[in-house]
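K.L.:
Before anything else, here's the structure in question.
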Amino acid sequence: MTHPVLSVRNLVVDFPDRRQTFRALDGVSFDIAAGEIVGVVGESGAGKSMTGAAIIQLIQSPGRIVSGEILLNGVPITGLPQAEVAALRGKRIGLITQDPLTSLNPLFTIGQQMIETIRRHLPLSESQARTRAIDLLSEAGISDAEDRLGAYPHQFSGGMRQRVVIALAIAAEPELIVADEPTSALDVSVQAQIIGVLKALCERRGTAVMMITHDMGVVAETADRVVVMNKGRIVETGKVADIIRRPSESYTRGLIAAIPSVADARDRKPVAAGVAPLVEVQGLCRDFRLPARTLRQRFAAPVLRAVADVTFEIPRGTTFGLVGESGSGKSTCARMIAGLLPPSSGEVLMEGARISGRKGMSGDQRRRVQMIFQDPYASLNPRWRIRDIVAEPLHGPNRRAGRRDLEEQVAELLRKVRMEPDAMFKFPHQFSGGQRQRIAIARALSSEPEFIICDEPTSALDVSVQAQVLDLMASLQEELGLTYLLISHDLAVVRRMSDFIGVMQRGRLVEKGDTDQVFDAPQDPYTRMLLDSILDISKVA
Amino acid sequence: MQGNQVLPGKTTSGSRGRSLLAKISDSDVAYSWWHSPVVVIATAVLLVLVLACLFAPLIAPYDPFDPASLQLMDGFSPPMTTSSFSGNHYLLGTDAQGRDILSTILHGGRVSLFVGASATLFAVALGVGMGLLAGYRGGFADAVVMRIVDVQLSFPAILIALLVFGVARSVIPPSLQESAAIWVLIFAIGLSNWAQFARTVRGATMVESHKDYVAAARIAGKGPVKILATHILPNVMGPVLVIATISLALAVIEESTLSFLGVGVPPTQPSLGTLIRIGQQFLFSGEWWILFFPALTLVLLALSVNLLGDWLRDAINPRLR
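Heads up: the protein sequence lines correspond to chains A and B, in order. According to UniProt numbering, the stretch in the first sequence is residues 1 to 541, in order. According to UniProt numbering, the stretch in the second sequence is residues 1 to 321, in order.
Here is the structure:
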């Protein structure tokens, strides 16, 4: 009888601390056969990375495996001595981590790292290992592999680095590859390529892959089977198409329903024609001076144009989605429109009055513009009570006198974002990511703004929480007649929320228009490429 | 039945409706304190020393500054003797003038602690202010402040204190020198210690000022001074507290060193350093206690503060838990 490559049986992992014991994994069991790609999905804290760490036996102290077994080709590997486990890693179990920037040593060339890894696991000479390294790199899709052996990791882009990491993982012909969020740090277009490479390599070699990810889209495009985890337990296991189309557990149903898809046309009211624009962005540019490397550059410093001639307008009460990959200038745009960064040229008008350049802004103009940030852990001062955080933008005519009145006002705002007014006496660390983002929204609402800039408001959140926050934003827009500028790298989120959309590439706005039009009939080749490369649950095989 | 269970452990207590004392005693810092015996002992020693010095006028058996009460005939009494002349009992012996060593230590420790604490406070205020300015403003202000810091950190602190002291002595009129001495000392020691605070705070400020809560405050229309005071300052004070503890020990030692060299507090207000200077004259003639006990007090004081600061640094660093 043939064994599955990996077999996990009733795995239990505990994290004891001085007060109580936290059970991180509770009876996890699954198999992966040779040549099979199994996706392990779940929200943060579901225990998916913990499962991966348990398999390579690198659980952080004080966590420990309490019971259960992990079998590699039918042989138990739990409880082996450290030296034997270390010999397994890399040789029989390859590992691909999320961040290719930190998983490669910046001080060694790609070639040195490849050759070292190959020779540690295989009995090859230096030159044989070198040949093999070149083969592996070309297989992973790096052109001119021979020339690039002498390059350092920082000379490679994120996608290229992840290809190198994949080449390293398959170097010793492992039976199993544990890939922990292999594409989460990459841009959409690169993500698709990396997934393609990984899939092709594993099919060719018959390697079993455990693909840990929070992104159902990645699983939909790559995996054969999927394991859905929640709070340390397995909720459901099955074929990918079955789980996505006909989830049987209520948790999975909720999860699938919460995932926005680019294929869903928006169910928004069409924007009435002839609505006057509330915000106009005209010819916005921003240059950054690069550090001078030579004496000559000291006098004429090289300049990076982060945002080049961006022009668009947002009608009152609508949402304009600004999408683009990392480095496309969308966040720089947002900061200029919010008045946090002066533009090099161009201007931002609100009902005809200039609001760009913070100095020229009157108190009332300032009140009308607010911003919601990406990371709800960094956007709330950890030492302030929620009451003071929410009330911060309240000043001048908007701030009613007296503490009692202020608390009433804050309570009202918290109710608006569907939170209990009691929350105002607590500190940010007492709330989850989604709750913190609601608090951030309450703060933005407190100055009664008309225009809110949302910079990746949900990309730090789990899908189900993301859906709640997006719903809240949509209903607040309806209630208060807000105008949004929504900045996101997630096209599905933008499609769901926006009336209009602008696509940015390298600082330029390459395409703008009605959301459905752009999604259904993109004009610019870059937009088309971007839309083609999205990993989306609607694309399930 | 879903969800990570929290298995019953040693204690499970809700955080609601408990007294502040209960909350403190249940915190992780308190736990780590209680579980390191060395730190508990250091705290106890420090507490005894500080309280004894603080209440010196009440505790000290004799008043070493009252010439009328001095018994010249009791000079050089060894420790644990009762004078046959005056009937006074001297626990730690007396010096050449018949002053009770215990009393002089308590009064001297008071001066030392006052100078050390005030100098540290001054260094913290100056260093934090400069660090905030450099870290938030960046650019030219940052370059100027940090170069000054670099230069200053390349000299031993005691040299800088001596320099400041020397300059002050030539500037202040002789009639005021006696009364101003202690303030000059505080200024000199503080000025020699601010640089490390500035460097630490500058780094932390740069990190904090790029966080989004600062951007949110700017959008809300707050000015830089308000942002620095209400947002950034509370978030950079953690490491400052730790350095301040260790710096307190250094300042006490520095004060003693200066007084030992004869440039510190005037002899009418002896500090621990002055006592040590006086005592070392008698070391080789057999009157060891005149030097030994003030020196022991200084060592205990510095050691316990240092141990406490060292522990505090680890205890509030979440990565080391």
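Think of the CB as a built atom: it goes at the ideal place given N, C-alpha and C, for glycine as much as any other residue. Predicted model only: the values in this text are computed from it and were never measured.
Using only the alpha-carbon positions, how far apart do residue 115 of chain B and residue 185 of chain B sit?
P.N.:
If you take the alpha carbons of residue 115 of chain B and residue 185 of chain B, they lie about 7 Å apart.
K.L.:
Please report the distance separating the alpha-carbon of residue 391 of chain A from that of residue 447 of chain A.
P.N.:
Using only the alpha carbons, I get a separation of about 9 Å.
K.L.:
Check for me: the beta strand (DSSP E) holding residue 504 of chain A runs from which residue to which?
P.N.:
500-505 is the span of the beta strand (DSSP E), which, as asked, contains residue 504 of chain A.
K.L.:
Taking the beta strand (DSSP E) that residue 32 of chain A belongs to, which residues open and close that run?
P.N.:
From DSSP, the beta strand (DSSP E) with residue 32 of chain A extends over 21-32.
K.L.:
Take residue 168 of chain B and list the residues in its own chain whose beta-carbon comes closer than 6 Å to its own, dropping the five residues that flank it on each side.
P.N.:
Cβ neighbours of residue 168 of chain B beyond the five flanking positions: 184.
K.L.:
Can you look up residue 99 of chain B in the DSSP assignment and give me helix, strand or coil?
P.N.:
Three-state DSSP puts residue 99 of chain B in coil, outside helix and strand.
K.L.:
Output the distance between the C-alpha atoms of residue 48 of chain A and residue 42 of chain A, rounded to the nearest integer angstrom.
P.N.:
Going from the Cα of residue 48 of chain A to the Cα of residue 42 of chain A covers about 7 Å.
K.L.:
Just to confirm before moving on: does the CB-CB distance between residue 333 of chain B and residue 110 of chain B stay below 8 Å?
P.N.:
Residue 333 of chain B is absent from the model: chain B starts at 1 and stops at 321.
K.L.:
Where does residue 288 of chain A land, buried or exposed, given buried means 16+ other C-beta within 10 angstroms?
P.N.:
By the neighbour-count rule (16 or more Cβ atoms within 10 Å), residue 288 of chain A is not buried but exposed.
K.L.:
What's the gap between the Cα of residue 336 of chain B and the Cα of residue 124 of chain B?
P.N.:
Chain B is shown only over 1 to 321; residue 336 of chain B falls outside these bounds and no answer can be derived.
K.L.:
So, helix, strand or coil for residue 397 of chain A, using DSSP?
P.N.:
Low per-residue confidence applies at residue 397 of chain A: pLDDT is 47, beneath 50, and the placement is therefore not dependable, though the value from the model is reported in the following sentence. Helix.
K.L.:
What does a CB cutoff of less than 7 Å around residue 481 of chain A pick up in its chain, not counting 5 residues either side in sequence?
P.N.:
Contacts found: 317.
K.L.:
Whose Cβ in chain B lies nearer than 9 Å to the Cβ of residue 371 of chain A?
P.N.:
Here the neighbours are 212, 215, 216 and 219.
K.L.:
When DSSP builds the beta bridges, which residues end up paired with residue 238 of chain A?
P.N.:
DSSP lists A:226 as partners of residue 238 of chain A.
K.L.:
Going by C-alpha distance, which of B:104, B:81, B:97 and B:43 is nearest residue 59 of chain B?
P.N.:
The shortest C-alpha separation from residue 59 of chain B is found at B:104.
K.L.:
Please classify residue 18 of chain A: does DSSP put it in a helix, a strand, or coil?
P.N.:
The answer is coil: DSSP assigns residue 18 of chain A none of H, G, I, E or B.
K.L.:
Put residue 124 of chain B into one of helix, strand or coil per three-state DSSP.
P.N.:
Three-state result, residue 124 of chain B: helix.
K.L.:
What ranges does the alpha helix (DSSP H) occupy inside the region 351-388 of chain A, keeping only unbroken runs of at least 4 residues that lie completely in it?
P.N.:
Counting whole runs of 4 or more residues, the region 351-388 of chain A contains the alpha helix (DSSP H) stretches 363-368.
K.L.:
Who are the near neighbours of residue 161 of chain B in its chain, counting only those whose CB is closer than 7 Å to its CB and skipping five residues on each side?
P.N.:
Hits under 7 Å: 188, 189, 192, 254 and 258.
K.L.:
Which whole-angstrom value describes the C-beta separation of residue 455 of chain A and residue 487 of chain A, a residue pair presumed to lie in contact below a C-beta threshold of 8 Å?
P.N.:
Contact holds; Cβ gap of about 5 Å.
K.L.:
Along chain A, which residues have their Cβ under 9 Å away from the Cβ of residue 235 of chain B?
P.N.:
Within chain A, the residues near residue 235 of chain B are 381, 382 and 383.
K.L.:
Kindly indicate if chain B contains any beta-carbon less than 8 Å away from that of residue 340 of chain A.
P.N.:
It does: the Cβ of residue 340 of chain A has a partner Cβ on chain B nearer than 8 Å.
K.L.:
Does residue 31 of chain B get closer than 8 Å to chain A when you measure Cβ to Cβ?
P.N.:
So, interface residue.
K.L.:
In the DSSP output, which residue or residues are listed as bridge partners for residue 204 of chain A?
P.N.:
Per DSSP, none; premise fails for residue 204 of chain A.
K.L.:
So, are the CB atoms of residue 167 of chain A and residue 114 of chain A less than 8 Å apart?
P.N.:
Their beta carbons are under 8 Å apart, which means residue 167 of chain A touches residue 114 of chain A by this criterion.
K.L.:
Would you check if the distance between the CB atom of residue 240 of chain A and the CB atom of residue 226 of chain A is smaller than 8 Å?
P.N.:
Yes, Cβ-Cβ distance for residue 240 of chain A and residue 226 of chain A is below 8 Å.
K.L.:
List, in chain order, every chain B residue whose beta-carbon is nearer than 7 Å to that of residue 375 of chain A.
P.N.:
Per Cβ cutoff of 7 Å: 212.
K.L.:
Along chain A, which residues have their Cβ under 9 Å away from the Cβ of residue 89 of chain B?
P.N.:
Chain A residues near residue 89 of chain B: none, gap ~49 Å exceeds 9 Å.
K.L.:
Below 6 Å CB to CB, which residues in the same chain sit around residue 397 of chain A once its five sequence neighbours on both sides are set aside?
P.N.:
Interpretation of residue 397 of chain A is limited by its pLDDT of 47, a score under 50 that renders its predicted location unreliable; the figure taken from the coordinates is listed afterwards. So the list is empty, once near-sequence residues are dropped.
K.L.:
Flag this pair as yes or no: are the beta carbons of residue 24 of chain A and residue 31 of chain A separated by less than 8 Å?
P.N.:
No, the Cβ-Cβ distance between residue 24 of chain A and residue 31 of chain A is not below 8 Å.
K.L.:
Which residue wins for smallest C-alpha separation from residue 20 of chain A, given the options A:51, A:290 and A:62?
P.N.:
Residue A:62 is the option with its Cα nearest to residue 20 of chain A.
K.L.:
Am I right that residue 323 of chain A and residue 494 of chain A are in contact with their C-beta atoms under 8 Å? What's the rounded C-beta distance?
P.N.:
So it is a contact: roughly 5 Å between Cβ atoms.
K.L.:
Taking 8 Å as the cut-off, does the region 272-285 of chain B touch the region 80-94 of chain B (at least 3 CB pairs, one atom from each stretch)?
P.N.:
Contact between the region 80-94 of chain B and the region 272-285 of chain B is absent, because fewer than three Cβ pairs lie under 8 Å.
K.L.:
Determine the direct distance from the alpha carbon of residue 464 of chain A to that of residue 254 of chain A, and round the result to whole angstroms.
P.N.:
When rounded, the distance between both Cα atoms is 8 Å.
K.L.:
Beta-carbon within less than 8 Å of residue 118 of chain B's beta-carbon, same chain only, minus the 5 sequence neighbours each way: which residues are those?
P.N.:
For residue 118 of chain B, where only same-chain residues beyond five positions count, the Cβ hits under 8 Å are 186 and 190.
K.L.:
Residues of chain B with CB under 7 Å from residue 393 of chain A, in chain order?
P.N.:
The contacting residues are 220.
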